[in-house]
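Q: One structure, as structure tokens, below. Some questions next.
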Amino acid sequence: MNAVSVRDLVKRYGEHEAVAGVSFEIGSGEVFGLLGPNGAGKTTTVEILEGYRRRDGGDVEVLGADPERAGTAWREQIGVVLQQSQMWPNLTVRETLAMFAGYYTEPRDVDEVVELVGLAEKSGERVKTLSGGQKRRLDLGLALVGDPQLVFLDEPTTGFDPQARRAAWEMVRSLRTLGKTIVLTTHYLDEAQELADRVAVLVAGRIVRIGRPSELTGGARTTEIRWRENGEQRTIETDDPTRALHELTTRALADGRRLDELEVRRASLEDVYLELVQDQDLQGETA
Amino acid sequence: MKLFLHQLRNEQLIFWRSREAAVFVFFFPIMLLLLLGAVYDGDYRGHPEIDYLVAGLLGYGTANTAFGGLAILLVVRREMGILKRIRSTPLPSSYYLASALVSMLLVFALQAVAIVVVAKVVYGASWPPRPFSLVAASAVGAAAFAAMGVGLAGLIRSAEGASAVVNVVVLPMAFLSGGFGPPSRYPKLMQDVAELLPLKHFIDAITGILLDSEPVTGQGWALLVVAAWGVAGLLLAVRAFTWEPREA
């Protein structure tokens, strides 16, 4: 059974359609990434799935229930990391987790959660002494303490330094091994690529591409061969890189030329993504 | 019930753990009693002024905790995103609000005992003659002021503004209503304005019980006015209160 299924979802704020007919399904145990620039409708979509917002159209089912009408039994099964939230500065990490654990009928062991999110050394410290990354890990711990089936992570690493991001990624991977279904929003492409089984690219309230990270680039047209010659940047785009490269290097050797900084690269997800976002923006302007 | 007690225990932990705030909230009315008690040492309408002061401070304390304190607590937590975060847990919203309120009232109950004892020991005030009636009237007042507090929280936009707005509302209201001593020398206009305020009627009820040994049932009219304000607060709360931060 699918953990999440969304069909023709629409959400309007006044005249503006923040989500303009989005459909997707998320399988049980899957890590699903919602990728897009700021203002694309990622958070709105996720907050509808979490039951925070009412939709204006379409059907939504999360763990077999409509989030608008779901009750406490349903909330036992979901864990939420909001894009922004703070906790009481004067409680300790352990106390904060114990408070939340008390809301659930079958919570995880608090010390186990402390361990899981890597805050064992900070367990007895007050929340106000934590760094930004540690606070975010506490948020994650609070989302996990009820032992949910489905976890929502809304931009879990925004504002992190590279090291903290790597650590957060490790944690998400460990969640996957626990068998959790994870819905992740991010505007970082590499994050979606690293973590998600499938990615939906959301631009201006619409899904413009959906699939495995490798599939998103797979259909992409060409391979690029770049090099530098006489201080000048040269580029060939080709569908047949073996032949093109062979011809290029054969001629260069015959002429005794050097091909400085020779590079062969396939269009990356980033190229595809930027292209998608740009296309959509252009359409938006002409519409 | 277990869930409610769990949350109540945590609310108490949160309150007392923030030591500066706890000490300020707890000792401020007692400080007022010590200062004002030195001024009000005469008689008014056949009763010692200090007894009026005790009744007034108990009324002020109820408004200050159930109305002002609850409003500030809710606005600050709303803007921190805590209310929104709690909404996604299985803890029902009603339990959350109720435990926050009851936690505040526990603090106030302690404070009320301290006020009565300090007034007795330092200024020779009387013991409350009808403790049950006093508690019953306080419960009506606390519920009404709490509803108004939730409504007020809906009108306050930012966490920074919360305590300023609350003080601008609560302090003049308490002064006009006789919260800081009997309004014996108040001009007629101020007394007329006070008639419009819920706290005036609440303090009247407390005064009747405390000074004239009337049972709570003898204060039906005054408490009805307070309750009507509570209903208005509730209607405002339903319209204006939100769980999500305003300044995101």
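Quick mapping for you: the protein sequence lines, in order, are chains A and B. So the first sequence is numbered by this note's numbering: it starts at 1 and just counts up by one. So the second sequence is numbered by this note's numbering: it starts at 1 and just counts up by one. Just so you know, even glycine gets a beta-carbon here, dropped at the ideal spot from N, CA and C.
(1) Between the stretch 127-144 of chain A and chain B, which residues of the former have CB atoms less than 7 Å from a CB of the latter, in chain order?
(2) Along the stretch 86-101 of chain B, where does the CB come closer than 9 Å to a CB of chain A? Name the residues.
(3) Taking Cβ positions only, does R130/B come closer than 8 Å to chain A?
(4) Output needed for T92/A: all residues of its chain with C-beta closer than 8 Å, excluding positions within five of it in sequence on either side, in chain order.
(5) Exposed or buried, which one is V145/A when buried takes at least 16 other CB atoms within 10 Å?
(6) Could you name the residues that DSSP lists as bridge partners for R266/A?
(7) Give me the chain B residues within the contact set of R55/A, using Cβ-Cβ distance strictly less than 9 Å, ordered along the chain.
(8) For chain B, check one thing: does any of its Cβ atoms lie closer than 8 Å to the Cβ of W227/A?
(9) Is there contact between the stretch 258-266 of chain A and the stretch 196-210 of chain A, where contact requires at least three CB pairs shorter than 8 Å?
(10) Can you list the residues of chain B that R75/A reaches, using a CB-CB cut of under 7 Å?
(11) Rounded to a whole number of angstroms, what is the C-alpha to C-alpha distance between S5/A and P67/A?
(12) Between H16/A and the ligand GDP, is the CB less than 7 Å from at least one heavy atom?
(13) Determine whether the beta carbon atoms of F32/A and V81/A lie at a separation below 8 Å.
(14) Could you check what DSSP says for Y123/B in three-state terms: helix, strand or coil?
(15) Consider the Cβ of S213/B: report whether some Cβ of chain A lies at a distance smaller than 8 Å.
(16) Which class does K11/A belong to by DSSP, given the choice of helix, strand or coil?
(17) Got a sec? Which residues, its chain only, sit under 6 Å from F202/B by beta carbon, not counting five neighbours each side?
(18) Looking at the structure shown, is R173/A part of a helix, part of a strand, or coil, going by DSSP?
(19) Against chain A, with Cβ distances strictly below 8 Å, would L8/B count as a contact?
(20) Thinking C-alpha only, which one of G51/A, E30/A, Q149/A and D56/A is nearest E15/A?
(21) For the beta strand (DSSP E) that contains R78/B, what are its first and last residues?
(22) Output the distance between the C-alpha atoms of T286/A and A40/A, rounded to the nearest integer angstrom.
(23) Roughly how many angstroms separate the alpha carbons of L47/B and V193/B, rounded to a whole number?
(24) Does DSSP put L202/A in a helix, in a strand, or in coil?
(25) Distance, Cα to Cα, G42/B vs S126/B?
(26) Just mark Q7/B as buried or exposed, buried being the case when its beta carbon has 16 or more other beta carbons within 10 Å.
(27) Which two residues bound the contiguous beta strand (DSSP E) that contains I78/A?
(28) Please report the distance separating the alpha-carbon of G231/A from that of A200/A.
(29) To the nearest angstrom, how far is it from the Cα of D255/A to the Cα of I225/A?
(30) Do G141/A and L97/A have their CB atoms nearer than 8 Å?
(31) Please name the residue, chosen from L34/B, V76/B, P92/B and A38/B, that lies closest to R246/B on a Cα-to-Cα basis.
(32) With DSSP as the reference, please indicate the residues paired to S5/A in a beta bridge.
(33) So is V122/B buried or exposed if we call it buried at 16+ other beta carbons inside 10 Å?
(34) Against G81/B, what residues of chain A qualify as contacts under a CB-to-CB distance less than 8 Å, listed in chain order?
(35) Buried or exposed, going by whether 16 or more other CB atoms sit within 10 Å of the CB of A174/B?
(36) Going by beta-carbon coordinates alone, are R130/B and I209/B separated by less than 8 Å?
A: If we stick to the structure as given:
(1) Taking 7 Å as the upper bound on Cβ-Cβ separation, chain B lies near no residue of the stretch 127-144 of chain A.
(2) Those residues of the stretch 86-101 of chain B that come within reach of chain A (Cβ to Cβ, closer than 9 Å) are I86, R87, S88, T89, P90, L91 and P92.
(3) If you number the second sequence from 1, residue 130/B lands on position 130. Not closer than 8 Å to any Cβ of chain A, the Cβ of R130/B fails to qualify, so no.
(4) By one-based count along the first sequence, residue 92/A stands at place 92. Close CB contacts of T92/A within its chain, under the 8 Å cut and outside five residues either way in sequence, are with S123, G124, E125, R126 and V127 (chain order).
(5) Start at 1 with the first residue of the first sequence, and residue 145/A comes out as number 145. Buried: at least 16 other Cβ atoms inside 10 Å.
(6) As a position in the first sequence, residue 266/A is number 266, starting the count at 1. R266/A pairs with T223/A.
(7) On the first sequence, position 55 is the one that residue 55/A refers to. Chain B residues near R55/A: none, gap ~16 Å exceeds 9 Å.
(8) Your numbering for residue 227/A matches position 227 in the first sequence. For W227/A, the answer is no, since every Cβ of chain B falls outside 8 Å of its Cβ.
(9) Touching, no, given that fewer than three Cβ pairs across the two stretches are closer than 8 Å.
(10) Counting from 1 along the first sequence, the entry for residue 75/A is found at position 75. Within 7 Å Cβ-Cβ: S88, T89 and P90.
(11) Counted from its first residue, the first sequence places residue 5/A at position 5. Counted from its first residue, the first sequence places residue 67/A at position 67. Using only the alpha carbons, I get a separation of about 11 Å.
(12) The model depicted lacks the ligand GDP and carries no ligand whatsoever.
(13) As a working note, residue 32/A is residue 32 in the first sequence. As a working note, residue 81/A is residue 81 in the first sequence. The criterion of a C-beta distance shorter than 8 Å is not satisfied by F32/A and V81/A.
(14) In the second sequence, the residue the question calls residue 123/B occupies position 123. Here Y123/B sits in helix by DSSP.
(15) Within the second sequence, residue 213/B is the residue found at index 213, counting from 1. Chain A, which has no Cβ nearer than 8 Å to the Cβ of S213/B, makes this no.
(16) For the purposes of this step, residue 11/A is identified with residue 11 of the first sequence, where counting begins at 1. Three-state DSSP puts K11/A in a strand.
(17) Taking the second sequence and counting its residues from 1, the one referred to as residue 202/B is at position 202. Result list for F202/B: G59, G141 and V226, in chain order.
(18) As a working note, residue 173/A is residue 173 in the first sequence. R173/A: helix per DSSP, three-state reduction.
(19) In the second sequence, counting from the first residue as 1, residue 8/B sits at position 8. No, L8/B lies away from the interface with chain A (no Cβ there is under 8 Å from its Cβ).
(20) One-based indexing of the first sequence puts residue 15/A at position 15. For E15/A, the closest alpha carbon among the candidates G51/A, E30/A, Q149/A and D56/A is that of D56/A.
(21) Numbered from its first residue, the second sequence carries residue 78/B at position 78. No beta strand (DSSP E) contains R78/B, which is instead part of the alpha helix (DSSP H) from L70 to M80.
(22) Locating residue 286/A in the first sequence gives position 286, counting from the first residue. Locating residue 40/A in the first sequence gives position 40, counting from the first residue. Reliability fails at T286/A, whose pLDDT of 46 lies under 50, so the model's placement of it is uncertain and the value that follows must be treated cautiously. Spanning the two alpha carbons is a distance of roughly 18 Å.
(23) Locating residue 47/B in the second sequence gives position 47, counting from the first residue. Locating residue 193/B in the second sequence gives position 193, counting from the first residue. Before going further, note that residue 47/B is His rather than Leu in the sequence given. Whole-angstrom Cα-Cα distance: 24 Å.
(24) Counting from 1 along the first sequence, the entry for residue 202/A is found at position 202. Strand, per DSSP.
(25) Stepping through the second sequence from its first residue, residue 42/B is reached at position 42. Stepping through the second sequence from its first residue, residue 126/B is reached at position 126. Pairing G42/B with S126/B, the inter-Cα distance amounts to about 14 Å.
(26) Within the second sequence, numbered from 1, the residue matching residue 7/B stands at position 7. By the 16-neighbour rule on beta-carbons within 10 angstroms, Q7/B is buried.
(27) As a working note, residue 78/A is residue 78 in the first sequence. Residues I78 to V81.
(28) Taking the first residue of the first sequence as position 1, residue 231/A is located at position 231. Taking the first residue of the first sequence as position 1, residue 200/A is located at position 200. C-alpha separation (whole angstroms): 40 Å.
(29) Taking the first sequence and counting its residues from 1, one reaches residue 255/A at position 255. Taking the first sequence and counting its residues from 1, one reaches residue 225/A at position 225. Roughly 19 Å separates the two Cα atoms.
(30) Indexing the first sequence from 1 puts residue 141/A at position 141. Indexing the first sequence from 1 puts residue 97/A at position 97. Yes, the pair counts as a contact, with Cβ atoms nearer than the cut-off.
(31) Here residue 246/B refers to the residue found at position 246 of the second sequence. Comparing Cα positions, the closest option is V76/B.
(32) The residue you call residue 5/A lines up with position 5 of the first sequence. Its beta-bridge partners are E25/A and E61/A.
(33) As a working note, residue 122/B is residue 122 in the second sequence. Under a 10 Å Cβ-count criterion, V122/B is classified as exposed, with fewer than 16 other Cβ atoms of the shown protein chains found around its own Cβ.
(34) By 1-based counting over the second sequence, the position of residue 81/B is 81. Proximity of chain A to G81/B at the Cβ level (cut-off 8 Å) is accounted for by L82, Q84, S85 and Q86, in chain order.
(35) As a first step, residue 174/B must be located in the second sequence, where it is residue number 174. By the 10 Å Cβ count, A174/B comes out buried.
(36) For this step, residue 130/B is matched to residue 130 along the second sequence. For this step, residue 209/B is matched to residue 209 along the second sequence. It is a contact, given that the beta carbons lie within the stated cut-off.
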